[in-house]
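Chains as they are written, first to last, in the working numbering: chain V, 3 to 229; chain R, 236 to 458.
Glycine included, C-beta positions come from ideal geometry on N, C-alpha and C.
Here the structure is a predicted model, which is why all the values come from computation and not from measurement.
Notes for the one structure printed next.
Here it is as structure tokens:
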């Protein structure tokens with residue numbers, strides 16, 4: 003009997019969602035423990051003392067932190083369809099682009115949605131350049147991983163459910179069908195994927211969350227761009 | 236000749252004092268893979284045509300070029316080398332949890348250690364002292380991970396050893412620039428550094444503390 007699998011996560015976090023996607027694709031049942039990020043639990047602080055962040059994967063007594071480290075762990079620790087490709091060069095390409103998402107892509111797009119005025123222009127430009135790079139990576143495929151979702155699809159999940167929500171709440175349009183047809187199609191493939199359906203986030207709940215936190219995020223973006 | 240073709244099949248584009256690039260070169264040496272070292276002088280502002288062609292997204296080094304195809308990102312390169320030349324002792328262990336731990340802590344080095352080191356060299360006064368205090372805190376966390384084992388990889392030199400040991404070439408710089416006594420602050424780590432220094436790969440790849448300090452002074456224009 004395999005030890006129980008739990009995620010300490012948050013429904014509005016794409017990083018947390020990555021872990022759910024990975025477990026879903028592997029067919030591993032899990033329990034999701036929702037963390038209150040404004041009042042972090044003893045459990046979270048004990049299991050992720052270094053970063054104190056979600057997601058954390060609990061596999062029996064083991065705790066694994068950092069979403070992409072967790073996804074690779076899930077791929078290696080559990081049987082089921084492979085998340086990373088088999089060929090070393092393809093794996094290196096997948097890791098390159100997931101690293102790109104985390105180190106170059108995520109912050110500018112977040113700032114592009116939440117900032118305003120002159121400061122917003124530069125991050126919008128940078129975001130569109132980054133989106134174009136990801137658009138090119140799809141290259142006619144249904145998913146970044148090919149016919150089925152893989153490691154890069156998991157890493158890029160923010161471009162699925164979150165984009166529509168952020169564009170509705172902020173009124174900012176970035177991922178439009180004219181400039182990024184492949185990414186828009188990818189988002190559709192993602193949302194209609196039967197394999198991922200059980201862990202799809204609740205759109206209304208996401209809209210409520212980002213609406214509630216709108217002023218806070220706008221203030222954070224303003225502060226960050228002033229530095 | 237087949238041997239000559241194999242010898243130029245792997246190229247590393249790097250600069251001698253780049254801590255991230257040292258990871259790639261250490262991995263190749265540990266695996267006994269011959270490679271050509273193409274130097275990219277980071278003191279020159281513009282990147283070369285080669286770098287811009289092989290890493291258009293980041294225009295950064297190190298870049299591993301294997302049979303004409305680029306691999307970018309230092310830890311990515313180390314994993315790739317480990318997977319391609321898999322018959323030689325593995326840098327990442329077989330166990331998924333140990334692999335996750337090695338990757339987690341290597342990512343910690345990237346997220347925390349390098350950033351604090353850079354702030355230590357670029358800031359002055361209170362901010363400089365705060366950066367060094369932070370940096371020592373990170374190194375002590377890593378000492379707790381090492382415990383009393385010979386290497387982060389356990390009995391064998393492994394992935395996390397490769398990820399971290401290049402930063403030890405800056406310890407002399409911490410002492411000179413910050414008045415830090417590294418032996419007193421991180422004795423467990425210093426013992427590990429000396430043990431790593433017994434390896435031919437580490438001796439060949441890591442520059443001397445003096446050379447590292449001198450070129451970083453040039454980069455950061457300190458003192």
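Check, Outcome
"Rounded to whole angstroms, what's the CA-CA distance from residue 59 (chain V) to residue 19 (chain V)? Just pull it up for me.", "12 Å"
"Could you tell me which chain R residues have their CB closer than 9 Å to the CB of residue 107 (chain V), listed as they occur along the chain?", "Going along chain R, no residue has its Cβ under 9 Å from residue 107 (chain V), so there is no contact; the nearest lies around 10 Å."
"Listing by chain order, which chain R residues have their CB less than 7 Å from the CB of residue 102 (chain V)?", "292"
"Which residues of the stretch 54 to 85 of chain V have a Cβ closer than 7 Å to any Cβ of chain R? Give them in chain order.", "64, 66, 67, 68, 71, 74, 75, 78 and 79"
"Reducing DSSP to helix, strand and coil, say where residue 202 (chain V) ends up.", "coil"
"Can you name the start and end residues of the alpha helix (DSSP H) that residue 130 (chain V) belongs to?", "119 to 140"
"Considering only residues of the same chain and omitting the five flanking positions on each side of residue 155 (chain V), which have a CB-CB separation below 6 Å?", "145, 146 and 147"
"Within its chain, find whatever has a CB closer than 8 Å to the CB of residue 49 (chain V); leave out the 5 residues flanking it on each side and keep chain order.", "10, 58, 60, 65 and 67"
"Tell me which residue opens and which closes the alpha helix (DSSP H) that residue 21 (chain V) is part of.", "16 to 28"
"Residue 444 (chain R) by DSSP, collapsed to three states: which one?", "helix"
"Find out if the Cβ-Cβ distance for the pair residue 258 (chain R), residue 385 (chain R) is shorter than 8 Å.", "no"
"Unbroken beta strand (DSSP E) runs of length 3 or more, entirely within the stretch 296 to 351 of chain R: which are they?", "298 to 301 and 304 to 307"
"Is there at least one Cβ from chain V nearer than 8 Å to residue 331 (chain R)'s Cβ?", "yes"
"In the DSSP assignment, find the alpha helix (DSSP H) that holds residue 276 (chain R) and state where it starts and stops.", "Element bounds for residue 276 (chain R): n/a, residue is neither H nor E."
"Using alpha carbons as the reference points, say which of V:199, V:126, V:153 and V:177 lies closest to residue 233 (chain V).", "What is shown of chain V runs 3 to 229, which leaves residue 233 (chain V) out entirely."
"So for residue 226 (chain V), helix, strand or coil by DSSP?", "helix"
"What three-state label does DSSP hand residue 88 (chain V) in the structure shown?", "coil"
"What residues in its chain sit with their C-beta under 7 Å from that of residue 423 (chain R), if we drop five residues either side in the sequence?", "378 and 381"
"Apply the 10 Å Cβ neighbour rule to residue 352 (chain R) and answer buried if 16 or more other Cβ atoms are within range, or exposed otherwise.", "buried"
"Quick one: is residue 349 (chain R) near chain V, going by C-beta distance under 8 Å?", "no"
"Classify residue 100 (chain V) as buried or exposed, calling it buried when 16 or more other Cβ atoms lie within 10 Å of its own Cβ.", "buried"
"Could you work out which residues of chain V lie near residue 334 (chain R), taking near to mean beta carbons separated by less than 8 Å?", "74, 75 and 78"
"For a contact meaning CB atoms closer than 7 Å, what does residue 98 (chain V) contact in chain R?", "307, 308 and 311"
"Between residue 407 (chain R) and chain V, is there a C-beta pair that is closer than 8 Å?", "no"
"Taking all protein chains shown into account, do 16 or more other C-beta atoms lie within 10 angstroms of the C-beta of residue 179 (chain V), making it buried, or fewer, making it exposed?", "exposed"
"Which one or two residues does DSSP pair with residue 451 (chain R) in a beta bridge?", "Paired residue(s): none; residue 451 (chain R) is not in a bridge."
"List the residues of chain V that residue 319 (chain R) touches, going by C-beta distances under 7 Å, in chain order.", "90"
"Which chain R residues are close to residue 93 (chain V), counting only those with a beta carbon under 8 Å from its beta carbon?", "314, 315 and 318"
"Three-state secondary structure (DSSP) at residue 13 (chain V)?", "coil"
"Would you give the residue range spanned by the alpha helix (DSSP H) that residue 263 (chain R) belongs to?", "254 to 265"
"So which residues on chain V does residue 342 (chain R) lean against when the C-beta distance must stay under 9 Å?", "68, 70 and 71"
"Could you give the DSSP three-state label for residue 293 (chain R): helix, strand or coil?", "coil"
"By the DSSP assignment, the beta strand (DSSP E) with residue 67 (chain V) in it spans what residues?", "64 to 67"
"Run down chain R in chain order and give the residues with a C-beta less than 9 Å from the C-beta of residue 21 (chain V).", "Within 9 Å Cβ-Cβ: nothing; residue 21 (chain V) doesn't reach chain R, min ~12 Å."
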